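Report on the structure given below.
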Amino acid sequence: MTEAQSTGPDKARTFLHQEVELKASPHRIYDILLDSKQFAAFSGESAEISREAGGAFSMFGGKIVGRNIELVPDQRIVQAWRPTSWDPGEYTIAKFQLKQDGDKTKIILDHTGFHEGDFAHFDPGWKMRYWEPMAKYLG
């Protein structure tokens, strides 16, 4: 795994950008992110994920829920994404772009629309709950 690069902390920021490379094909990464069993295997928590645009998902034991907005196989996943602790109807947008880079995939994450002050939680959260365990899962 190549270290995730992200935007610097800013208390007023409501977006983050991270790039990470994992040793797997874009097809493999796409499947891991949208297959309930594989997502649960790498994250260590239950997941129910639709593989359809407009379909719902629930991840991390129901702590994160949302809907798939756009799915372009092996290239892009765009999700309306929210912690269940937030008020109903409040969503962020998580956009994953997958780019082939030799035998690796560069994952470009743009996460927008979260509350001011949540950058300090979400920025390391993506690394600890997605990139690091996914790299370990991939071997």
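535 is the number of the first residue of the sequence shown in our numbering; add one for each residue after it.
By construction, the Cβ of each residue, glycine as well, lies at the ideal position given by its N, Cα and C atoms.
Nothing here was measured: the structure is a model prediction, and the numbers come from that model.
Asked                                                                                                                                    : Found
Under the rule that 16 or more other beta-carbon atoms within 10 Å means buried, what is PRO622, buried or exposed?                      : exposed
To the nearest angstrom, how far is it from the Cα of ILE598 to the Cα of ASP608?                                                        : 23 Å
In three-state terms, what does DSSP make of ASP621?                                                                                     : coil
Is it buried or exposed for THR639, if we count other Cβ within 10 angstroms and need 16 for buried?                                     : buried
Under three-state DSSP, which class holds ALA581?                                                                                        : coil
Please list the terminal residues of the continuous alpha helix (DSSP H) segment that includes GLU666.                                   : 666-672
Determine the extent of the beta strand (DSSP E) in which ARG601 is found, giving its start and end residues.                            : 598-606
Less than 8 Å between the C-beta atoms of PHE576 and TYR671, yes or no?                                                                  : yes
Run through the DSSP bridge pairs and tell me what TRP660 is partnered with.                                                             : DSSP lists no partner for TRP660.
Are the CB atoms of ILE627 and ILE563 within a distance shorter than 8 Å?                                                                : no
According to the neighbour-count rule (16 or more other Cβ atoms, all chains shown, within 10 Å of its Cβ), is GLY634 buried or exposed? : It should be pointed out that residue 634 corresponds to Gln in this sequence rather than to Gly. Under this definition GLN634 is an exposed residue.
One question on the structure: do GLY578 and PRO667 come within less than 8 Å of each other, judged by their Cβ atoms?                   : yes
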